[in-house]
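The structure appears below as structure tokens.
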Amino acid sequence: MNGDRYGFTKDSTEDSVFHVTINGDKSSVYESVSGVYPEMKYTALSSNTMVGEYQSGGGITVETWSITTDKKALYSKVMNIPGMQQLTSTKSFVGDVVGTCNQ
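What follows is the structure, given as structure tokens:
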């Protein structure tokens, strides 16, 4: 890709706690340590999986969240930002589901 070099790096999500709500067009993510709600619209694809997308300045970010029956949270993110190639990236993690919130 035009000399771009991609490599594995560790980020700060290791200490994060996410509140994931999968509920149709009311689906959302809240990161409780930072208090951040992403500027992303999420849509549930099923009762345990949702996808989010955000577009700005010709770039796009797509996230997926999926909760497994053995209480794992699967996450993936792709950012393709042509005007800021250094931000073009992908990330993923598997986390533990530590509880549920009944709404």
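Residue 1 is where the sequence shown starts when you use full-length UniProt numbering, and the numbers rise one by one after that. A virtual CB, placed ideally from N, CA and C, is assigned to each residue, including glycine. Values in this document were obtained by computation on a predicted structure and should not be read as measured data.
Environment of residue i [buried if 16+ CB atoms lie within 10 Å]
i, result
"GLY52", "buried"
"GLU63", "buried"
"SER47", "exposed"
"SER27", "buried"
Reduced DSSP secondary structure (H/G/I, E/B, other) of residue i
i, result
"ASP70", "coil"
"GLU39", "coil"
"LYS77", "strand"
"LYS91", "strand"
Alpha-carbon spacing of residue i relative to residue j, whole angstroms
i, j, result
"THR68", "ASP96", "10 Å"
"GLN55", "THR61", "6 Å"
"SER76", "LYS91", "6 Å"
"GLY59", "LYS41", "15 Å"
"THR100", "SER32", "14 Å"
8 Å Cβ cutoff, residue i in contact with chain C
i, result
"GLN86", "In the structure shown, chain C does not exist; there is a single protein chain."
Close-in-space but distant-in-sequence residues of the same chain around residue i (CB under 7 Å, 5 per side omitted)
i, result
"SER89", "MET79"
Bridge-paired residues (DSSP) for residue i
i, result
"GLN55", "ILE60"
6 Å Cβ shell around residue i - same chain, five flanking residues per side excluded
i, result
"TYR30", "HIS19, TYR37"
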